[in-house]
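Engineer: Numbering (the numbering used here), first residue to last: 497 to 896.
Positions of the beta carbon are idealized from the N, C-alpha and C atoms, including for glycine.
Got a structure for you, questions after.
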Amino acid sequence: LCAASEPPVTGTFVHSTPRAAVEILQNCVLGVDDKGKIAFIEKHQDVVSLSEIWGFETSDIRQLGQYEFLMPGMVDTHIHASQYSYAGTALDLPLLEWLNTYTFPVEAKYKDLDFANDVYTKVVRRTLKNGTTTACYFATIHTDASLLLGELADRFGQRALVGKVCMDYNSYPNVKPVVTPRFAPSCSSSLLSELGEIANNNKLHVQSHISENKEEVELVKTLFPGCKSYTDVYLKHNLLTDRTVMAHGCHLTDEELEIFRETGSAVSHCPNSNISICSGMLNVRNVLNHNVKLGLGTDVAGGYSPSMLDAMRRTLDTSKALTIQDPQHKTLSFEEVFRLATLGGSEALSLDDQIGNFVVGKDFDALRVNVCVPDGPIDLFPGEGPKVRQSSYWSFLPSY
497 LCAASEPPVT
507 GTFVHSTPRA
517 AVEILQNCVL
527 GVDDKGKIAF
537 IEKHQDVVSL
547 SEIWGFETSD
557 IRQLGQYEFL
567 MPGMVDTHIH
577 ASQYSYAGTA
587 LDLPLLEWLN
597 TYTFPVEAKY
607 KDLDFANDVY
617 TKVVRRTLKN
627 GTTTACYFAT
637 IHTDASLLLG
647 ELADRFGQRA
657 LVGKVCMDYN
667 SYPNVKPVVT
677 PRFAPSCSSS
687 LLSELGEIAN
697 NNKLHVQSHI
707 SENKEEVELV
717 KTLFPGCKSY
727 TDVYLKHNLL
737 TDRTVMAHGC
747 HLTDEELEIF
757 RETGSAVSHC
767 PNSNISICSG
777 MLNVRNVLNH
787 NVKLGLGTDV
797 AGGYSPSMLD
807 AMRRTLDTSK
817 ALTIQDPQHK
827 TLSFEEVFRL
837 ATLGGSEALS
847 LDDQIGNFVV
857 GKDFDALRVN
867 VCVPDGPIDL
877 FPGEGPKVRQ
887 SSYWSFLPSY
């Protein structure tokens, strides 16, 4: 959708704003400039004046169908690309045993670039098919394979943060390095300090894991007796910044969440994984009440699905389970979950100045959704409006 060579599109647009979890813009027209930025989004009634300003023919405008809408691309804030080959097949052990039994042996194979190319090609293609236009990837300790993942994401058109510990190389405009200490139990204090220095000196993103399960939290207390909490470990090593995203956080205390808010760090909620390997259930409402940035993650392969639609469903399931336990808990709405998967994810990755919703000046990063394709998985009924169609999309559409 480049105004310099292609006409604008008109129809229904669904996105989130800081004030509205879901905003539905009907009968609007959107144009994109020659740099891929949103140039305008206005009511269709203004199309004549817009055509004069932007130099397009009104007869060339592309019209979305009655049952179509555009929405922002989904943002996966935490996914292990290197674990995709065994997703859904190894969920019988708790976290620490799971890592030793399944994860570490498989990740050792990534010294073989042919193996890496096969898996990384498949995971990038699969996540794109599932609507993930931005992904924050964990790779492995292998530099060449990590760079290959970045190259593949760039080739297929996916925006990505690619994490290889100490990685400081970046040659693709939409692929950035992210400093990646696996998690505190696998890192010495000196390594964490060096990574914190690298991240801050180069203004790099940081990703890791935190408070995923209770056994891990107790292990961190043993390994870092001089720190007040798991969060304090990262804080003291300068790894909590406004470009940091920490996965899970199931057992973070209110005091730790205050540190997240003060530093601008974000939490990646990975409900499929949290449940699949019995780590815990994050109280998303409590995180949001602390004004902490939060996005959603699939956490393949602890999570068995590479689909952000699945992450949305499991987020709502977890919230309802917490309400069953405590009737005073305020269950998340599907509108709130939609925002977490789009704008929330962009905020968690500190990319909300570029993506996340349809705001003039941001990159045009969107999904074209048709909920009425022949033999599709959704049945529509008379009188259903765009909000029902949007809900049907993420509630019923299967993962690819």
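#1: Tell me, please, which residues DSSP counts as bridged to K533.
#2: Go ahead and pull the three-state DSSP assignment for Y668.
#3: Tell me whether T573 is buried or exposed, calling it buried when 16 or more other Cβ atoms sit within 10 Å of its Cβ.
#4: How big is the Cα-Cα spacing for K883 and Q562?
#5: Rounded to whole angstroms, how far is the Cβ of I575 from the Cβ of V796, which I believe are closer than 8 Å?
#6: Put L876 into one of helix, strand or coil per three-state DSSP.
#7: Given that a residue counts as buried once 16 or more other Cβ atoms are within 10 Å of its Cβ, and exposed if not, what is D806?
#8: If you draw a straight line from the alpha carbon of V518 to that of G646, how long is it in whole angstroms?
#9: Between N901 and L839, which are expected to be in contact by the criterion C-beta below 8 Å, what is the C-beta distance as a whole number of angstroms?
#10: If you draw a straight line from the alpha carbon of I771 to that of W550, how long is it in whole angstroms?
#11: Considering only residues of the segment 566-624, which uninterrupted beta strand (DSSP E) runs meet the minimum length of 3 residues and lie entirely inside it, listed in chain order?
#12: Check whether chain B comes within 7 Å of V763, counting only Cβ atoms and requiring the distance to be less than that.
#13: Could you compute how far the alpha carbon of D640 sits from the alpha carbon of V525?
#14: Could you tell me whether the segment 552-559 touches the segment 757-769, using the rule of 3 or more Cβ pairs below 8 Å?
#15: Buried or exposed for S684, going by 16 or more other Cβ atoms inside 10 Å?
#16: Can you confirm whether the segment 583-597 touches the segment 621-634 when touching is taken to mean that 3 or more C-beta pairs between the two stretches lie within less than 8 Å?
#17: So, using beta-carbon positions, are L691 and V675 closer together than 7 Å?
#18: Quick one: Cα of G659 to Cα of P673, how far?
#19: For M808 versus V833, is the C-beta distance shorter than 7 Å?
#20: Give every residue of the same chain whose Cβ lies closer than 6 Å to the Cβ of V783, excluding the five residues on either side of it in the sequence, and list them in chain order.
#21: Would you call the segment 598-611 in contact with the segment 812-831, where contact means no fewer than 3 C-beta pairs closer than 8 Å?
#22: Give the single residue among V780, P590 and G799 whose Cα lies nearest to the Cα of D750.
#23: Quick check: the segment 707-724 against the segment 742-749, are there 3 or more CB pairs under 8 Å?
#24: Check whether the Cβ atoms of A844 and V741 sit closer than 7 Å, and answer yes or no.
#25: Which residues in the same chain have their Cβ closer than 8 Å to the Cβ of A817, if we skip the five residues on either side of it in sequence?
#26: Which of helix, strand or coil does DSSP assign to G527?
Structural biologist: Answer, in terms of the structure:
#1: Paired residue(s): D859.
#2: Under the three-state reduction of DSSP output, Y668 falls in the coil class, being neither helix nor strand.
#3: Flag for T573 reads buried.
#4: K883 and Q562: Cα-Cα distance of roughly 13 Å.
#5: V796 and I575 do touch by the CB rule: their CB atoms are close to 5 Å apart, below 8 Å.
#6: Three-state result, L876: coil.
#7: Burial call: buried.
#8: The straight-line gap from Cα to Cα measures roughly 32 Å.
#9: Because the chain in this structure spans residues 497 to 896, residue 901 falls outside the shown range and cannot be described.
#10: C-alpha separation (whole angstroms): 50 Å.
#11: Correct list: 570-576.
#12: Considering every chain present, this structure includes no chain B. It has just one protein chain.
#13: Straight-line Cα distance between these residues: approximately 44 Å.
#14: As far as the Cβ criterion goes, the segment 552-559 does not touch the segment 757-769, which means the pair count is below three.
#15: It counts as exposed.
#16: By the Cβ criterion, the segment 621-634 is not in contact with the segment 583-597, since fewer than three pairs of Cβ atoms, one from each stretch, lie closer than 8 Å.
#17: Closer than 7 Å, so yes.
#18: So the two alpha carbons sit approximately 6 Å from each other.
#19: Their beta carbons are under 7 Å apart, which means M808 touches V833 by this criterion.
#20: Closer than 6 Å at Cβ, skipping near neighbours: V763 and L790.
#21: Fewer than three beta-carbon pairs drawn from the segment 598-611 and the segment 812-831 are found closer than 8 Å, and the two stretches are therefore not classed as touching.
#22: Considering only alpha carbons, the answer is V780.
#23: Verdict: yes, contact present.
#24: For A844 and V741, yes; Cβs fall inside 7 Å.
#25: Within the same chain, A817 has close Cβ partners M777.
#26: Strand.
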